[in-house]
Structures are given as structure tokens and as C-alpha cells.
Amino acid sequence: MAYALRSPPTIADRNMAVITNNKSVVIGLGNPRQQSGQVYVRLIYEAIEKLRERGNRVAIEWIPVSGENEMLKVAKTEARELPKKEPRIPKDAVYNAEHPKTEAEGRTILTGEGW
1265 MAYALRSPPT
1275 IADRNMAVIT
1285 NNKSVVIGLG
1295 NPRQQSGQVY
1305 VRLIYEAIEK
1315 LRERGNRVAI
1325 EWIPVSGENE
1335 MLKVAKTEAR
1345 ELPKKEPRIP
1355 KDAVYNAEHP
1365 KTEAEGRTIL
1375 TGEGW
């Protein structure tokens, strides 16, 4: 979800809805008290804040799972196609590419946040 929210970098002054069939995600974002997954919750909040700074309004909504839901079918198709269009590069790989001395010495830097 954080990746999807970071994807539209130039969108401004829009109403946006993030629709998920995972009810626990919506509940967790509304009441983030559990420690499990806090990194992801923080990333989602940061992405939403950046969108809001550009005048966007963001809503997170839950829809029940249904094989007949046309919007869910379209969302799944788009989600499957996005990695083919824009492959994700781990931060570690970017860091190591920018610091060839480290890579030449046979060392790699692991940040703990691979994505």
C-alpha cells in the first residue's frame, strides 16, 4: 500500500481512495497500537502526508472479498502489471552501486530496509 501511495509523485489537488480487501490493514491504520508491522504503517502515513501536502485528500476504504467485484478485478490486474512496468530496486543495491569502493572490497552495506 505504501508503494502504491508513493507512485503518483505529480498528482495534486485530487480526491484519492485506496481500496483494500484486507480489513485488518484499515483497522490498523485507524488505530495503530500493535508493534507488528509498524514500519509499514509509518511508510503509509508518510506517503499519505506527502500527498496531502500537495493538496490531495486520501481515504482508505475496505471492501469485502467477492469474486464478482469488478473494481477488485481491475485492481488485481493493475497490481500484477505494475512490477512489470516499474521493477523495484532494493535500497541496498542502490547504495552499493553508488559506493563502488565498498563493492570492490567485497563488502556490502545492508540497511535493514531492503525496499
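Remember, this note's numbering sits 1264 above the position in the sequence shown when you count from 1.
Beta carbons: idealized from backbone N, C-alpha and C, even for Gly.
Asked: Going by C-alpha distance, which of N1285, A1276, N1286, E1332 is nearest R1316?; Found: A1276
Asked: Provide the residue span of the alpha helix (DSSP H) that contains M1335, from first to last.; Found: 1334-1349
Asked: How is A1276 classed by DSSP in three states: helix, strand or coil?; Found: coil
Asked: Tell me whether the beta-carbon of W1326 lies closer than 8 Å to the beta-carbon of V1303.; Found: no
Asked: Is the CB-CB distance between L1293 and I1283 below 8 Å?; Found: no
Asked: Along the chain, where does the beta strand (DSSP E) containing V1322 start, and where does it finish?; Found: 1321-1326
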